[in-house]
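Residues 127 to 365 in my numbering are what the sequence shown lists, from first letter to last.
Virtual Cβ for every residue (Gly too), placed ideally from N, Cα, C.
The next block holds one structure in the form of structure tokens; read it before the comments.
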Amino acid sequence: HKGRVLIEITDDGAGIDPVRIAGKAVEMGLITEQQANEFTDEQLYELIFEPGFTTAEKATKDAGRGAGLDAVRDEISSIGGNIFVKSQRNRGTTFIIDVPLSIAVIKALLCNVAGKNVAIPSSLIDKLVQANHDQIKQVSGKPHFLWEDDLVPVYDIGEVIYNTPSQTDGTVNLILCKLGSRSVALQVERFFRETEVVVKTFWSPWEIRTVSGATILGDGSLALILDPFETIKLASIRH
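Okay, here's the thing in structure tokens:
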């Protein structure tokens, strides 16, 4: 659909009762009695997305608190999408979610860098290593790690991006990556887990080449998705 994805969620229940929607909307002051009589069913269905709207008679832990479809629409709108509803009495209801195709889901490794959450695309990761300090060798004044009979450069992400060297507790946490024909080791403070993340466009008034996007984690916190290629470029420029 011209760069967009349509997701349909359908049930075979009783459908939405437009008369009940109209009555509740009038009671809440969302529309007038005259509008309730003039609105089409489709216009009445749109009212279920109004903040605080609910047809529940009593509030429970799951319903009637007015925290519902308005929050869903706001979340979908935040990623450039929209949500619509179609319903037939005694036939069921269909919600149609329209979102940009550019929203991607990728596997990424979540880790901690300078006290902040970051994600690194799993497709670029070859291996995770907890190295001892004596396994890090200085070559021309720069740290290297012996990997597969080859000394590969070590880049401390915290130092490169945040100007804050990673804290270590006796081991050095390294993410070994194959970037094209080149092998590198990215140092982080902690590994968390590999998971699927939704990539959202990262907007900033400044151009941040080392960040390819951002994702919202399960606890609501933000994690920047790093671009290892650009991170290495930045490190090379600084050194």
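DSSP places L156 in the coil class of the three-state scheme, outside both helix and strand.
Only residues of its own chain outside the window of five on either side were considered, and among them D224 and V225 have a CB closer than 6 Å to the CB of G207, listed in chain order. For I202, the enclosing alpha helix (DSSP H) begins and ends at L195 to S203.
Assignment of A151 by DSSP, reduced to helix, strand and coil, places it in the helix class.
Check the Cα spacing between V231 and each of E153, T321, E315 and N243: the tightest is with T321. Residue pairing from DSSP leaves K359 without any beta-bridge partner. The stretch 151–168 makes no contact with the stretch 233–250; the number of CB pairs closer than 8 Å stays below 3.
The stretch 139–151 makes contact with the stretch 171–185: 3 or more CB pairs, one atom from each, lie closer than 8 Å. When rounded, the separation of the alpha-carbon atoms in S248 and A140 is 45 Å. Going by C-alpha positions, A245 is about 6 Å away from L350.
Rounded to the nearest whole angstrom, the CA to CA distance from G339 to F221 is 28 Å. For R215, same chain residues with a beta-carbon under 6 Å away, outside a window of 5 residues either side, are G141 in chain order. Close CB contacts of L132 within its chain, under the 8 Å cut and outside five residues either way in sequence, are with I222, I223 and D224 (chain order).
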